[in-house]
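Residue numbers (the UniProt record's numbering): 1 to 99.
No residue lacks a Cβ here, since even glycine has one placed at the ideal position from N, Cα and C.
Quick notes on the structure that follows.
Now the structure itself:
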């Protein structure tokens with residue numbers, strides 16, 4: 001099997017090491033799913049599982065980015081929007097997951 005290379009972002013100041021690892025492994029899994037489109041039907045369950053895991057990792061990464069953006073808003077902008085940085089978890093969860 002050929003070695004796969006995944007391009008990582010050059011600079012991501014708002015992400016920690018764990019965030020980058022989730023993004024890279026989601027990209028790698030996505031490449032594996034696309035590459036193995038010729039698999040027999042018995043492997044479709046595994047392909048669906050990988051697709052759900054990829055989607056979940058992408059949603060969680062979007063949640064973290066949204067939460068961090070809200071948490072780092074200036075006090076003036078927070079007042080203008082009528083929110084508090086302390087509400088970042090709740091607001092990000094609602095924005096990404098919808099409930």
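For residue i versus residue j, is the C-beta spacing smaller than 8 Å?
| i | j | result |
| --- | --- | --- |
| residue 71 | residue 95 | no |
With 16 as the cutoff for other CB atoms within 10 Å, does residue i come out buried or exposed?
| i | result |
| --- | --- |
| residue 92 | buried |
| residue 67 | buried |
| residue 64 | buried |
Give the range of the alpha helix (DSSP H) segment to which residue i is assigned.
| i | result |
| --- | --- |
| residue 45 | 44-71 |
| residue 94 | 88-97 |
| residue 85 | Taken as a continuous stretch (DSSP letters only), residue 85 belongs to no alpha helix (DSSP H), as it is neither H nor E. |
Would you report the Cα separation of residue i and residue j, rounded to the nearest angstrom?
| i | j | result |
| --- | --- | --- |
| residue 82 | residue 74 | 12 Å |
| residue 79 | residue 90 | 17 Å |
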